[in-house]
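2 protein chains.
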Amino acid sequence: MTAGSTTLDKPLLFSPLARSLPATVPFVGPEALERRFGVHFKARLGANESVFGPSPKAVAAMAEAAAKSWAYGDPEQFELKAALAGHLGVKAANITVGEGIDGLFGLLLQVATSSGDRVLSSKGAYPTFAYHVAGHGALLDTVPYRDARPAIGQDIDALVETARRTRPKLLYVSNPDNPTGSWVAKDLIEQLIADVPEETIIVLDEAYSDLAPAAALPDISLVRPNLLRFRTFSKAYGMAGVRVGYAIGEADTVRQFDKVRNHFGVSRIAQAGAMAALSDSGHLSSTISRIVAARDRLSEIALEAGLVPLPSATNFVAIDCGRDGDFARALLAAILQEGVFIRMPGIAPLDRMIRVTVGTDEDLALFAAALHTSLAQLGR
Amino acid sequence: MTAGSTTLDKPLLFSPLARSLPATVPFVGPEALERRFGVHFKARLGANESVFGPSPKAVAAMAEAAAKSWAYGDPEQFELKAALAGHLGVKAANITVGEGIDGLFGLLLQVATSSGDRVLSSKGAYPTFAYHVAGHGALLDTVPYRDARPAIGQDIDALVETARRTRPKLLYVSNPDNPTGSWVAKDLIEQLIADVPEETIIVLDEAYSDLAPAAALPDISLVRPNLLRFRTFSKAYGMAGVRVGYAIGEADTVRQFDKVRNHFGVSRIAQAGAMAALSDSGHLSSTISRIVAARDRLSEIALEAGLVPLPSATNFVAIDCGRDGDFARALLAAILQEGVFIRMPGIAPLDRMIRVTVGTDEDLALFAAALHTSLAQLGR
């Protein structure tokens, strides 16, 4: 579990691929950090969760489902898919539901790649995607982020150009993007979809779609055999701990997941909660308002501290600390020690930023104080 | 989703392995059967769930966790593993937790096998294991069940003998066994563990261990690098719809799962529920008593109908219908039409049986009536 731990593998028991992998997961949880550093986090602003919580209707539906959870959930997720289809304006056959987008990524690698196949993403993009690429023996090519201070974002042109040259099995692109919070106009995404080789599956990660400007999202009617759009209840819906993600695509493409998925994996409670959450548009819109206000406040806090907040279309703000990765890492460590959980990207040029999820007024005040103290400690 | 459906695969988009697989999952859920046949099931006795339900403490803990489920669950499952370790008398490092045993089987295939590797089980054993074998491109060899009427069970000697000859990467054996309900003495399992090649991982499925006689279970201190014991909260704990399973083994063996697992996959709600369930031993023992009594009643119902109930160490009874697979399938279809959900194994010689999960007195009365009517329809 420890990052970078070495393992005395059993050469005879596990596959050559498994023996080559580290026994580590992409994210160390805040609970593990608390145990490791002996701190208690007063504010939890590192995992892009929604402190504003799930819909009370979803909470009630999950509590009710808990009492009935002696029974397996519907492996076809019939009602949830119907509700999602109605919500999105697609057919149920265009949707596959899984244990979070993370779970779906693992399955996608399983059905789309063979060992040694090439996959493409931006360098420093979502680590869990890269984790599943490695776990299935595929090879990850990357394109650097476009670093035009203060903006920083995926280099869509370079992704397309590289894909046309290397013809990868999968091309990962997120919009809005994590960890930068930036977004690109839908025209650019549509151009990418048109220009990428048709044998490349476009993995369009739209985890933050509910928070994105309309100008970022291609119309839902844009369906191609090689396009899968991934969305989730973890972000704006405030249900990260429930584990419901889904992919939207052409029916024949979506059906591939049925070949390998953990068919009872989306729990009875998760299905009930997601359906109730979908029905509570009032909670969603009030959450979005709170996220937008908190994002503005976070940007102010960064500016007050002499740092540069990047524009964000998500529930977090990437803050450019203006110096190198070592400085940002030292700042992160100091803030953690102050009892505020945040994260930062690990790879240059992204590693000059810290990434702070929005929170309540109290959370943000705790962050502001921790930032102030930590910068002072570092001589700023 | 439909069993046996054909798919117009995209030759260029998905892997050769995926293109060779049917878009079907191992079990059609009762909800799907209701939709398909236009019936409403008055009794749900087909999925080896526990109608006696989860512990009220677990239900309360899950309801409480639902309200906090804006936050991801602990990806290290630290507290749950500690609780399990205490319960079992092992170390936390000897446990890996996943989205049901089903989820862990998928991960095991991922880390233990390469495409074309051989795997061994009994013919007609747990279909979800075979599903994950196929999904990872491994090849399943099988040994027939030992058919000594009225008893029917896995042929342990033949499994060992075959494993010594074919040296498979995995050997699947369940004790107690599904779908027969039979069990073998722990001496036989210990002998199997001693005799199987040391490069073969023994997949000992103990989903029904909480219902098994002590004589069936090797001591928990029996640890080998090539032994993994799988257990679950889905059966005696009545939490099938929650999705918590775990594997017990040597620390280095168990750690392999950390290389590929969906690290946030066991939800916050599931972790809280499982811990609370573990703490309520009173509910567990009263559930076991109710299961045993209902099992006895089910056997009486079978005998009253002139059929032969097999001895069971599980929460279901396999009933030998005394004729061939066609007769059992016709009987199953008639019972489903009567509004009672049960299942049956698909492969001879097991397919002369129907498999009925225990239920409440009312459930069992509904089954008895449906059985009576259905046998009369079939001219018995």
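Those protein sequences? They're chains W and L, same order as listed.
Note that the first sequence covers residues 0 to 379 in numbering that gives the first Met the number 0.
Note that the second sequence covers residues 0 to 379 in numbering that gives the first Met the number 0.
Virtual Cβ for every residue (Gly too), placed ideally from N, Cα, C.
Model, not experiment: these values are computed from the prediction.
Relative to the C-alpha of residue 26 (chain L), which candidate in W:159, W:163, W:262, W:160 has its C-alpha closest?
As a working note, residue 26 (chain L) is residue 27 in the second sequence. Cα-wise, what sits closest to residue 26 (chain L) is W:262.
With distances taken between CB atoms, is the gap from residue 335 (chain W) to residue 32 (chain W) smaller than 8 Å?
Here residue 335 (chain W) refers to the residue found at position 336 of the first sequence. Here residue 32 (chain W) refers to the residue found at position 33 of the first sequence. In contact: residue 335 (chain W) and residue 32 (chain W) (Cβ atoms closer than 8 Å).
Distance cutoff 8 Å, beta carbons only. Does residue 122 (chain L) sit that close to anything in chain W?
If you number the second sequence from 1, residue 122 (chain L) lands on position 123. Closer than 8 Å: no.
Using a Cβ cut-off of 8 Å, pull out every chain L residue sitting near residue 113 (chain W), in sequence order please.
By 1-based counting over the first sequence, the position of residue 113 (chain W) is 114. Near residue 113 (chain W) (Cβ distances below 8 Å), the residues of chain L are 14, 15, 16, 114.
Exposure label - residue 73 (chain L); buried when at least 16 CB within 10 Å:
On the second sequence, position 74 is the one that residue 73 (chain L) refers to. By the neighbour-count rule (16 or more Cβ atoms within 10 Å), residue 73 (chain L) is buried.
Whether or not the region 281-297 of chain W and the region 204-224 of chain W are in contact is what I'm after, with contact meaning three or more pairs of Cβ atoms, one per stretch, closer than 8 Å; do they touch?
yes
Buried or exposed for residue 90 (chain W), please, with buried defined as at least 16 other CB atoms from any protein chain shown within 10 angstroms of its CB.
One-based indexing of the first sequence puts residue 90 (chain W) at position 91. Exposed is the call here.
If contact means a Cβ-Cβ distance below 9 Å, which residues of the region 32-58 of chain W contact chain L?
34, 43, 46, 48, 49, 50, 51, 52, 53, 55, 57, 58
Tell me whether residue 217 (chain L) is buried or exposed, calling it buried when 16 or more other Cβ atoms sit within 10 Å of its Cβ.
Mapped onto the second sequence, residue 217 (chain L) falls at position 218. Flag for residue 217 (chain L) reads buried.
Interface residues of chain L around residue 239 (chain W) at Cβ under 7 Å?
Here residue 239 (chain W) is taken as the residue at index 240 of the first sequence, counted from 1. Correct list: 69, 70, 71.
What is the DSSP secondary structure of residue 6 (chain L), counted as helix, strand or coil?
One-based indexing of the second sequence puts residue 6 (chain L) at position 7. Only weak support exists for where residue 6 (chain L) lies, its pLDDT of 46 falling under 50; the value from the coordinates is given anyway. In this structure, residue 6 (chain L) counts as coil in the three-state DSSP scheme.
Helix, strand or coil for residue 150 (chain W), going by three-state DSSP, please let me know.
Here residue 150 (chain W) is taken as the residue at index 151 of the first sequence, counted from 1. Note: residue 150 (chain W) maps to strand in three-state DSSP.
Under the three-state reduction of DSSP, which class applies to residue 1 (chain W): helix, strand or coil?
Residue mapping note: residue 1 (chain W) aligns to position 2 of the first sequence, counting from 1. Residue placement at residue 1 (chain W) cannot be trusted, given a pLDDT of 38 that sits under 50; what the coordinates show is reported in the next sentence. Three-state DSSP puts residue 1 (chain W) in coil, outside helix and strand.
May I have a chain-ordered list of the beta strand (DSSP E) segments no shorter than 3 residues that lie completely inside the region 238-288 of chain W?
244-248
Hey, would you say residue 16 (chain W) sits closer than 8 Å to residue 136 (chain W), going by beta carbons?
Within the first sequence, the letter at position 17 stands for residue 16 (chain W). Within the first sequence, the letter at position 137 stands for residue 136 (chain W). Contact: yes.
Helix, strand or coil at residue 19 (chain L) [DSSP, three-state]
Locating residue 19 (chain L) in the second sequence gives position 20, where the first residue counts as 1. In this structure, residue 19 (chain L) counts as helix in the three-state DSSP scheme.
Quick one: does residue 77 (chain L) have its CB under 8 Å from some CB of chain W?
Here residue 77 (chain L) refers to the residue found at position 78 of the second sequence. Judged by the 8 Å Cβ criterion, residue 77 (chain L) is in contact with chain W.
Please confirm whether residue 239 (chain W) and residue 48 (chain W) have their CB atoms less than 8 Å apart.
Taking the first sequence and counting its residues from 1, one reaches residue 239 (chain W) at position 240. Taking the first sequence and counting its residues from 1, one reaches residue 48 (chain W) at position 49. Yes. Within cutoff.
Give the C-beta separation of residue 12 (chain L) and residue 341 (chain W) to the nearest angstrom, bearing in mind that I take them to be a contact with Cβ-Cβ under 8 Å.
For this step, residue 12 (chain L) is matched to residue 13 along the second sequence. For this step, residue 341 (chain W) is matched to residue 342 along the first sequence. That pair is no contact at about 39 Å.
Go ahead and label residue 36 (chain W) buried or exposed: buried means 16 or more other beta carbons lie within 10 angstroms of its beta carbon, across all protein chains shown.
Taking the first residue of the first sequence as 1, we reach residue 36 (chain W) at position 37. The residue is exposed, with fewer than 16 neighbouring Cβ atoms inside 10 Å.
Among the candidates L:231, L:173, L:236, L:193, whose CA atom is the shortest distance from the CA of residue 163 (chain L)?
As a position in the second sequence, residue 163 (chain L) is number 164, starting the count at 1. Residue L:193 is the option with its Cα nearest to residue 163 (chain L).
Beta-carbon proximity check, residue 314 (chain W) vs residue 359 (chain W), cutoff 8 Å
Here residue 314 (chain W) refers to the residue found at position 315 of the first sequence. Here residue 359 (chain W) refers to the residue found at position 360 of the first sequence. No, they are not a contact pair.
Going straight from the alpha carbon of residue 154 (chain W) to that of residue 42 (chain W), what length do you get?
Taking the first residue of the first sequence as 1, we reach residue 154 (chain W) at position 155. Taking the first residue of the first sequence as 1, we reach residue 42 (chain W) at position 43. Between residue 154 (chain W) and residue 42 (chain W), the C-alpha separation is close to 33 Å.
Would you verify that the beta carbon of residue 167 (chain W) is, or is not, closer than 8 Å to some beta carbon of chain L?
As a position in the first sequence, residue 167 (chain W) is number 168, starting the count at 1. No - not a single Cβ of chain L is within 8 Å of the one on residue 167 (chain W).
Residue nearest to residue 398 (chain L) in terms of C-alpha spacing, selected from L:18, L:45, L:23, L:64:
The structure shown does not extend to residue 398 (chain L), since chain L is modelled only from 0 through 379, so no value can be given for it.
Return the chain-ordered list of same chain residues with a C-beta closer than 7 Å to the C-beta of residue 88 (chain L), the five sequence neighbours on each side being excluded.
Numbered from its first residue, the second sequence carries residue 88 (chain L) at position 89. Once the five neighbours on either side are set aside, the close Cβ partners of residue 88 (chain L) are 219.
When burial is assigned at 16 or more other CB atoms within 10 Å of the CB, is residue 52 (chain W) buried or exposed?
Translated into the one-based positions of the first sequence, residue 52 (chain W) becomes position 53. Residue 52 (chain W) comes out buried.
Please name the residues in the region 199-223 of chain W whose beta-carbon is closer than 9 Å to at least one beta-carbon of chain L, in chain order.
199, 200
Hey, would you say residue 180 (chain L) sits closer than 8 Å to residue 311 (chain L), going by beta carbons?
Here the question's residue 180 (chain L) lines up with position 181 in the second sequence. Here the question's residue 311 (chain L) lines up with position 312 in the second sequence. For residue 180 (chain L) and residue 311 (chain L), yes; Cβs fall inside 8 Å.
Do residue 106 (chain W) and residue 115 (chain W) have their C-beta atoms within less than 8 Å of each other?
The residue given as residue 106 (chain W) occupies position 107 in the first sequence. The residue given as residue 115 (chain W) occupies position 116 in the first sequence. Result no, Cβ atoms of residue 106 (chain W) and residue 115 (chain W) do not sit closer than 8 Å.
Is the CB of residue 0 (chain W) under 8 Å away from at least one CB in chain L?
On the first sequence, position 1 is the one that residue 0 (chain W) refers to. Low confidence applies to residue 0 (chain W): its pLDDT is 36, below 50, so where it sits in the model is not reliable, and the reading given next is rough at best. So, interface residue.
Contact set for residue 38 (chain L): own chain, Cβ-Cβ below 8 Å, skip 5 residues either direction:
To locate residue 38 (chain L), count along the second sequence from 1; it is residue 39. Only 32, 335, 336, 338 meet the Cβ criterion.
Between the CA atoms of residue 78 (chain L) and residue 365 (chain W) - distance to the nearest angstrom:
Here residue 365 (chain W) refers to the residue found at position 366 when the first sequence is read from its first residue. Here residue 78 (chain L) refers to the residue found at position 79 when the second sequence is read from its first residue. Each residue's Cα considered, the two are about 27 Å apart.
Counting only Cβ pairs nearer than 8 Å, list the residues of chain W close to residue 101 (chain L).
Within the second sequence, residue 101 (chain L) is the residue found at index 102, counting from 1. Within chain W, the residues near residue 101 (chain L) are 261, 262, 263, 264.
Going by CA-CA distance only, name the one from L:273, L:112, L:204 that's closest to residue 80 (chain L).
Counting from one through the second sequence, the residue named residue 80 (chain L) turns up at place 81. Answer by Cα proximity: L:273.
Would you mind listing the alpha helix (DSSP H) stretches within the region 41-111 of chain L that are 4+ residues and don't spill past its ends, in chain order?
55-66, 77-87, 99-111
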